[in-house]
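A short worksheet on the structure shown next.
Number of protein chains: 2
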Amino acid sequence: MKFDLLKTSPKSAARRGRLHTAHGVIETPIFMPVGTVGSVKAIRPDLLKTELNAQIILGNTFHLYLRPGHKQIEQLGGLHKFMNWPGPILTDSGGFQVFSLAALRKMSEDGVTFKSPIDGSTHHITPEYSTQIQHSLDATITMAFDECTPYPATHEVARTSMELSMRWAARSRAAFIAREGYGQFGIQQGSLYEDLRRESTKKLTDIGFEGYAIGGLAVGEPSDQLHEAIPMAASMLPEDKPRYLMGVGYPSDIIKAVMAGVDMFDCVLPTRNARNGTVFTCEGTIKIGNAAHKLADIPLDPKCTCHTCKTYSRAYLHHLHKEDEILGHMLLTHHNLHFYLQLTQTLRDAIESDTLEQVAKQLLESYR
Amino acid sequence: MKFDLLKTSPKSAARRGRLHTAHGVIETPIFMPVGTVGSVKAIRPDLLKTELNAQIILGNTFHLYLRPGHKQIEQLGGLHKFMNWPGPILTDSGGFQVFSLAALRKMSEDGVTFKSPIDGSTHHITPEYSTQIQHSLDATITMAFDECTPYPATHEVARTSMELSMRWAARSRAAFIAREGYGQFGIQQGSLYEDLRRESTKKLTDIGFEGYAIGGLAVGEPSDQLHEAIPMAASMLPEDKPRYLMGVGYPSDIIKAVMAGVDMFDCVLPTRNARNGTVFTCEGTIKIGNAAHKLADIPLDPKCTCHTCKTYSRAYLHHLHKEDEILGHMLLTHHNLHFYLQLTQTLRDAIESDTLEQVAKQLLESYR
Chain C
0 MKFDLLKTSP KSAARRGRLH TAHGVIETPI FMPVGTVGSV KAIRPDLLKT
50 ELNAQIILGN TFHLYLRPGH KQIEQLGGLH KFMNWPGPIL TDSGGFQVFS
100 LAALRKMSED GVTFKSPIDG STHHITPEYS TQIQHSLDAT ITMAFDECTP
150 YPATHEVART SMELSMRWAA RSRAAFIARE GYGQFGIQQG SLYEDLRRES
200 TKKLTDIGFE GYAIGGLAVG EPSDQLHEAI PMAASMLPED KPRYLMGVGY
250 PSDIIKAVMA GVDMFDCVLP TRNARNGTVF TCEGTIKIGN AAHKLADIPL
300 DPKCTCHTCK TYSRAYLHHL HKEDEILGHM LLTHHNLHFY LQLTQTLRDA
350 IESDTLEQVA KQLLESYR
Chain H
0 MKFDLLKTSP KSAARRGRLH TAHGVIETPI FMPVGTVGSV KAIRPDLLKT
50 ELNAQIILGN TFHLYLRPGH KQIEQLGGLH KFMNWPGPIL TDSGGFQVFS
100 LAALRKMSED GVTFKSPIDG STHHITPEYS TQIQHSLDAT ITMAFDECTP
150 YPATHEVART SMELSMRWAA RSRAAFIARE GYGQFGIQQG SLYEDLRRES
200 TKKLTDIGFE GYAIGGLAVG EPSDQLHEAI PMAASMLPED KPRYLMGVGY
250 PSDIIKAVMA GVDMFDCVLP TRNARNGTVF TCEGTIKIGN AAHKLADIPL
300 DPKCTCHTCK TYSRAYLHHL HKEDEILGHM LLTHHNLHFY LQLTQTLRDA
350 IESDTLEQVA KQLLESYR
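Residue numbers (numbering that gives the first Met the number 0), protein chains in the order written: chain C, 0 to 367; chain H, 0 to 367.
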């Protein structure tokens with residue numbers, strides 16, 4: 000899995016890159032829509048490609064393992080074929096969701112034992128097993144199995160957690176079956192502590208991965224701490240490999256993280272917020288259910304070129320939202336994903352034309 | 000609104016027609032997808048046209064009157080513009096839904112008073128008001144306001160109800176504002192009684208409408224009575240105007256009704272059943288949630304050419320159904336609507352090529 004660093008920004012750490020995979024080329028920086036259970040909610044995968052130009056999507060190993068099961072997906076030809084998304088797919092390791100189960104799980108050096116929230120059955124996931132599951136799913140990019148250190152964490156807790164994750168990273172790597180155009184990313188941990196992030200990075204690069212993720216951020220820390228931590232964490236990672244900031248975030252977070260040198264993002268915000276009626280626009284977010292939109296014969300976003308904005312009024316989308324019509328979820332999802340994908344396109348263009356600082360400043364001001 | 004009778008079937012009462020409207024041409028026989036509240040559930044209206052070749056859709060006056068309100072839709076340019084469906088729209092009169100309210104409504108010679116199921120507010124709908132509402136919605140085809148006679152009904156009850164509906168039909172017609180390419184349909188009533196249906200037809204044709212509907216069928220009577228009543232009711236209607244059988248039905252019902260000389264159909268079955276996981280195929284209906292489909296790497300319908308069947312396995316659709324994913328509703332809706340629209344296309348072709356009897360026999364046998 001080859002990564003070309005095409006250009007670096009003269010006044011920031013931002014990078015314009017290109018990742019070559021078995022399932023296609025990814026232009027970075029890029030946002031990855033989340034397809035939790037083998038479906039990016041409320042949008043057809045063919046239109047995700049043809050109308051929104053999505054380049055890579057994310058699948059959730061934990062959910063797909065529980066239902067329909069990775070062995071079933073393997074038997075049916077892998078996740079790409081199963082869900083009709085021939086492009087690249089990144090799967091998380093399942094760790095984050097397992098740890099979210101709280102009372103339902105138990106951790107050991109070996110791995111995590113948990114009860115299925117679906118049927119109460121007991122499961123045991125190890126770094127090796129997580130890696131095998133992702134192999135069965137045919138993930139283009141496999142993530143190492145790690146513990147997402149909760150926030151806040153003392154230095155000691157953060158160290159213990161990070162060191163376990165690094166031992167698991169080595170085991171994940173040993174279990175990874177290399178294939179042309181496929182890759183595995185290691186995940187940097189260490190909470191907000193620079194020395195721990197540095198140690199984590201050293202351990203990961205000693206193992207060697209095709210890319211590196213920043214884990215354990217956007218887990219509850221205040222925004223200013225998040226935006227101090229991102230450049231600190233990103234700047235340590237190897238220059239010649241893609242850098243992925245997991246689970247982030249709002250459009251403004253993505254802009255700042257791109258300027259800190261991050262290449263890849265995923266977040267449920269555009270899709271989940273669409274289903275709640277919260278819409279991202281160039282002038283900030285709007286709640287389509289607000290009475291102000293009841294008679295508004297204008298598009299969601301005056302500058303947007305997506306199918307929803309070219310075709311429908313806020314009044315119609317307000318009506319669909321009030322009626323809880325599926326079409327409302329579809330059209331708002333379409334717009335919000337377009338907004339995120341267009342944002343990364345704009346940032347890529349700005350890096351190429353050396354205008355990132357001005358573009359970022361304008362965008363950040365307009366979102367207020 | 001001009002109706003061309005292009006061809007009649009030599010061995011049945013089936014007809015191949017063409018209805019010219021202000022919003023486009025409708026080739027008959029035709030199925031009309033139902034867009035209750037200004038949205039055919041779970042499908043984008045542009046794809047309804049480009050991928051499914053829908054020619055006309057139905058809107059529900061009662062629902063749109065309550066939310067968002069016909070005046071609002073008028074202010075926003077009419078239902079076509081509001082929902083991005085530039086093609087023909089037929090609106091029902093609201094009568095059927097009002098009468099479904101049972102305890103919440105009260106009927107008089109003047110009209111129906113009812114309490115809104117949304118907020119309990121009181122409303123009074125008359126034939127004149129229903130016609131005005133449909134005008135505000137910019138309906139291509141307006142339906143006369145009538146009482147759908149419940150089943151079973153004694154001859155006396157059916158007569159009283161039919162006669163009221165006919166007085167209302169005259170008032171609906173008087174309130175109708177004629178415009179080029181727009182039309183209004185009268186609705187034949189009379190329960191299962193031939194003499195009443197004949198009287199009703201006489202009264203309607205004396206008034207004169209651009210088309211005639213068969214009302215009060217498929218309201219609970221056994222299937223054999225329905226299929227005795229359809230040819231009886233259809234055969235009385237004028238030859239030179241389109242005939243619309245309201246709210247019918249299963250694919251086999253539509254085939255039989257086409258052979259009885261019906262031109263237009265609407266029904267919520269394809270869309271509602273899709274959301275319940277019930278799928279129409281050339282071999283009969285299947286329940287996609289059944290365990291038998293869990294590993295089935297075959298399309299829903301082996302003979303179907305729709306996007307869903309060309310692209311997805313039953314196994315994937317089973318998975319989406321189990322997860323209650325919106326995409327599952329979208330893909331099954333797409334298939335079921337394609338099935339109904341393709342059925343009427345097949346019947347149109349068969350009438351043209353004088354093969355309707357053989358085609359109908361084959362289809363009816365394969366659905367068993």
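Glycine residues also receive a C-beta, built at the ideal position from the N, C-alpha and C atoms.
Name the chain C residues whose beta carbon is nearer than 7 Å to that of residue i?
{"i": "Ser-296/H", "result": "Looking at the sequence itself, residue 296/H is Asp, so the reference to Ser does not match. What Asp-296/H touches in chain C: Leu-75."}
{"i": "Phe-144/H", "result": "Within 7 Å Cβ-Cβ: nothing; Phe-144/H doesn't reach chain C, min ~24 Å."}
Please report the Cβ distance between residue i and residue j, rounded to the nearest whole angstrom; I am assuming they are in contact, meaning their Cβ atoms lie under 8 Å.
{"i": "Thr-428/H", "j": "Gln-133/H", "result": "Residue 428/H is absent from the structure shown; chain H starts at 0 and stops at 367."}
{"i": "Pro-28/C", "j": "Val-39/C", "result": "Between Val-39/C and Pro-28/C the Cβ distance is about 19 Å, and since that is not below 8 Å, they are no contact."}
{"i": "Thr-200/H", "j": "Leu-236/H", "result": "6 Å"}
{"i": "His-190/H", "j": "Pro-126/H", "result": "The residue you asked about is not His; residue 190/H is Ser in the sequence shown. 20 Å between Cβ atoms; not a contact."}
{"i": "Thr-20/H", "j": "Pro-87/H", "result": "5 Å"}
{"i": "Leu-195/C", "j": "Ala-168/C", "result": "About 14 Å; that fails the 8 Å criterion."}
{"i": "Gln-188/C", "j": "Thr-148/C", "result": "5 Å"}
{"i": "His-334/H", "j": "Thr-307/H", "result": "4 Å"}
{"i": "Val-247/C", "j": "Leu-203/C", "result": "No, Val-247/C and Leu-203/C are not in contact; Cβ-Cβ is about 19 Å, not under 8 Å."}
Which residues in chain C sit within 9 Å of residue i, going by Cβ to Cβ distance?
{"i": "Val-36/H", "result": "His-318, Leu-319, Glu-322 and Glu-324"}
{"i": "Gln-71/H", "result": "Lys-293, Leu-294, Ala-314 and His-318"}
With respect to the alpha helix (DSSP H) encompassing residue i, which residues constitute its N-terminal and C-terminal limits?
{"i": "Met-235/H", "result": "222–235"}
{"i": "Phe-338/H", "result": "325–351"}
{"i": "Met-31/H", "result": "Not the alpha helix (DSSP H): Met-31/H falls in the beta strand (DSSP E), residues 29–31."}
{"i": "Phe-61/C", "result": "60–65"}
{"i": "Phe-175/H", "result": "Run containing Phe-175/H: none; DSSP gives neither H nor E here."}
{"i": "Thr-200/H", "result": "193–206"}
{"i": "Thr-307/C", "result": "306–310"}
{"i": "Thr-49/H", "result": "44–49"}
What are the boundary residues of the beta strand (DSSP E) that includes residue i?
{"i": "Phe-279/H", "result": "277–280"}
{"i": "Gln-187/H", "result": "182–187"}
{"i": "Arg-242/C", "result": "242–244"}
{"i": "Arg-104/C", "result": "104–106"}
{"i": "His-123/H", "result": "121–124"}
{"i": "His-19/H", "result": "14–20"}
{"i": "Ala-212/H", "result": "210–213"}
{"i": "Gly-283/C", "result": "283–286"}
{"i": "Asp-3/C", "result": "1–7"}
{"i": "Thr-148/H", "result": "That residue, Thr-148/H, is in no beta strand (DSSP E); it is neither H nor E in DSSP."}
{"i": "Val-111/C", "result": "111–114"}
{"i": "Arg-265/H", "result": "A small correction: the amino acid at residue 265/H is Asp; Arg does not occupy that position in the sequence shown. Residues 263–265."}
{"i": "Ile-88/H", "result": "88–90"}
Please list, in chain order, the chain C residues whose beta carbon lies closer than 8 Å to that of residue i.
{"i": "His-226/H", "result": "Neighbours of His-226/H on chain C: none; closest Cβ ~34 Å, over 8 Å."}
{"i": "Phe-113/H", "result": "Under the 8 Å cutoff, chain C gives no residues; its nearest Cβ is about 19 Å from Phe-113/H."}
Mind listing the chain H neighbours of residue i? Cutoff is C-beta to C-beta under 7 Å, in chain order.
{"i": "Lys-105/C", "result": "Those do not exist, as Lys-105/C stays about 27 Å from chain H at its closest Cβ, beyond 7 Å."}
{"i": "Phe-61/C", "result": "Result: empty, since nearest Cβ-Cβ is about 13 Å, beyond 7 Å."}
{"i": "Phe-81/C", "result": "Tyr-315"}
Does any heavy atom of the ligand GDP sit closer than 7 Å to the C-beta of residue i?
{"i": "Leu-18/C", "result": "No copy of the ligand GDP appears in this structure; indeed no ligand is present at all."}
Below 8 Å on C-beta distance, what does residue i contact in chain H?
{"i": "Ala-41/C", "result": "Ile-325, Leu-326 and Met-329"}
Using a Cβ cut-off of 9 Å, pull out every chain H residue sitting near residue i, in sequence order please.
{"i": "Arg-66/C", "result": "His-318, Lys-321 and Glu-322"}
**Item:** Members of the stretch 83–98 of chain H that neighbour chain C once the beta carbon cut-off is set at 8 Å
**Value:** The residues in question are Asn-83.
**Asked** When you check each C-beta in the stretch 310–326 of chain H against every C-beta of chain C, which residues fall closer than 7 Å?
**Response** Thr-310, Tyr-311, Ser-312, Ala-314, Tyr-315, His-318, Leu-319, Lys-321, Glu-322, Glu-324, Ile-325 and Leu-326
**Asked** In the stretch 270–285 of chain H, which residues sit with their C-beta less than 7 Å from some C-beta in chain C, listed in chain order?
**Response** Within the stretch 270–285 of chain H, no residue has a Cβ lying closer than 7 Å to any Cβ of chain C.
**Request:** Please confirm if the stretch 324–342 of chain C is in contact with the stretch 95–109 of chain H, defined as three or more CB-CB distances below 8 Å between the two stretches.
**Result:** no
**Asked** Taking contact to mean at least 3 C-beta pairs separated by less than 8 Å, is the stretch 241–256 of chain C in contact with the stretch 287–299 of chain C?
**Response** The stretch 241–256 of chain C and the stretch 287–299 of chain C do not touch, with fewer than 3 CB-CB distances between them shorter than 8 Å.
**Prompt:** In chain order, what residues of the stretch 231–242 of chain C put their CB closer than 8 Å to some CB of chain H?
**Reply:** none
**Message:** With a threshold of 8 Å, are at least 3 pairs of Cβ atoms found where one atom belongs to the stretch 341–354 of chain H and the other to the stretch 45–59 of chain C?
**Reply:** no
**Request:** Please determine if the stretch 176–190 of chain C and the stretch 111–124 of chain C are in contact, where contact requires at least 3 C-beta pairs separated by less than 8 Å.
**Result:** no
**Asked** Using 8 Å as the Cβ pair cut-off and three pairs as the minimum, do the stretch 318–336 of chain H and the stretch 40–55 of chain H touch?
**Response** Cβ pair count under 8 Å is three or more, so yes.
**Message:** Any contact between the stretch 299–319 of chain C and the stretch 257–268 of chain C? By contact I mean 3 or more CB pairs, one from each, below 8 Å.
**Reply:** no
**Request:** May I ask you to list, following chain order, the residues of the stretch 189–209 of chain H that have a beta carbon less than 7 Å from some beta carbon of chain C?
**Result:** Here the close residues number zero.
**Message:** Can you confirm whether the stretch 299–307 of chain C touches the stretch 7–16 of chain C when touching is taken to mean that 3 or more C-beta pairs between the two stretches lie within less than 8 Å?
**Reply:** no
**Asked** Three or more C-beta pairs closer than 8 Å, one from the stretch 214–232 of chain C and one from the stretch 269–282 of chain C: is that the case here?
**Response** As far as the Cβ criterion goes, the stretch 214–232 of chain C does not touch the stretch 269–282 of chain C, which means the pair count is below three.
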